[in-house]
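The structure under discussion appears below in the form of structure tokens.
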Amino acid sequence: MARDIYAYRQLAVESVDEGGRIVIRPMSNQAYATDLNVQCSRRLSDTSIYPVGTCFLVNAKLTDRLGGEQYLYVWHGDEIKVLSDSEAEVFLGAYRRVRL
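So in this note's numbering, the last one in the sequence shown is 101, and the numbering has no gaps at all.
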């Protein structure tokens, strides 16, 4: 089955240290809460490649697993786009969305 590209939307995410564990979370001022889990390629949370606090532009969709908690899914094969601080600021300013 082909991936439904219309279910995905661009989203700025960042790597965050949560008690010694590096996780990916949505950045603030977007449609999703900043504590929502993001399932993505482990490369994004690899500190030998990207330091903690690195911002990424991803295509994500909101989903759940068999009625469980909702989370954002990023296909592992998508290109990794690192955002500089200024690019992240421009993206967040241009695409500010109402929280879902």
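All C-beta atoms in this analysis are idealised placements derived from N, C-alpha and C, irrespective of residue type, glycine included.
| query | result |
| --- | --- |
| List the DSSP bridge partners of GLU19. | ARG22 |
| Tell me, please, whether the region 21-31 touches the region 43-51 by the rule of three or more beta-carbon pairs shorter than 8 Å. | yes |
| What residue range does the alpha helix (DSSP H) around ALA61 cover? | No alpha helix (DSSP H) contains ALA61, which is instead part of the beta strand (DSSP E) from 56-65. |
| Kindly indicate which residue of GLY69, PRO52, ILE81, ALA8 has the alpha-carbon position closest to the one of ASN38. | GLY69 |
| Considering only C-alpha positions, which residue in the set PRO52, LEU73, VAL59 is nearest to PHE92? | VAL59 |
| Could you say which of GLU15, PHE57, ASP86 lies nearest to GLU80 if we only look at CA atoms? | PHE57 |
| Residue range of the beta strand (DSSP E) that LEU45 falls in? | Looking at the DSSP string, LEU45 is not in any beta strand (DSSP E), and its letter there is neither H nor E. |
| Can you pull the DSSP bridge partners for ALA13? | LEU58 |
| So who's on the other strand from LEU84, going by DSSP bridges? | CYS56 |
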